[in-house]
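Positions 1 to 169 (the working numbering) are the ones given, in order, by the sequence shown. What follows is a single structure, written as structure tokens, with notes after it.
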Amino acid sequence: MEEKIRIGFYALTSCYGCQLQFAMMDEILHLLLNAEIVCWYMLDRDSAEDEPVDIAFIEGSVSTEEEVELVKKIRENAKIVVAVGACAIQGGVQSWANDKSLEELWKTVYGDAKVKFKPKMAEPVEKYIKVDYKLYGCPPEKKDFLYALGTFLIGSWPEDIDYPVCLEC
Ligand code: SF4
């Protein structure tokens, strides 16, 4: 029997909108007949991020020290890394305040609250790891998801999709 293509869908700092777009594609069930979803944060935040995958889709900006380590781990375990959406590709809305200090931002958002993670300024995934393909949009359009995923699943490589109007949205 032919081996299934292993897919992971990971989220960093994001609104989960890109994953939702992916999940809402009716056609996805047909495409995934030949694939195995190894990790999908939307369904299970503790799913197997250490497992090797053929294609890793990453949503969200790198906004904590923990996420720096996570993207490196995802890269090590993936043959192809796809940055999905404006947060992963450009840092997203959360990176627009990068002209302010981390301390200033932190105080505004969290006040004196204690959190378990170590925050940092929001940055694109590509700042830390090699990205093989990018799906622009906020979220990317379904047809672009389908094109890229379908092309990878038949063992080919999708062409870059042209986004002439607005790269950030
Ligand atoms: Fe949400 Fe847009 Fe970021 Fe995707 S790119 S996670 S839809 S804010």
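All C-beta atoms in this analysis are idealised placements derived from N, C-alpha and C, irrespective of residue type, glycine included.
The beta-carbon separation of ILE74 and TYR128, rounded to 10 Å, does not stay under the 8 Å limit for a contact.
Here the stretch 85 to 98 does not lie against the stretch 145 to 152, with fewer than 3 beta-carbon pairs under 8 Å apart. Note on the stretch 65 to 93: whole alpha helix (DSSP H) runs with a minimum of 4 residues are 65 to 77, 85 to 90, in chain order. Taking the CA atoms as reference points, THR151 sits about 13 Å from VAL82. The secondary-structure analysis by DSSP pairs TRP106 with nothing; it has no beta-bridge partner. Of PRO52, ALA88, HIS30, GLU51, the smallest CA-CA separation from CYS18 is found for ALA88.
DSSP places GLY8 in the strand class (E or B) of the three-state scheme.
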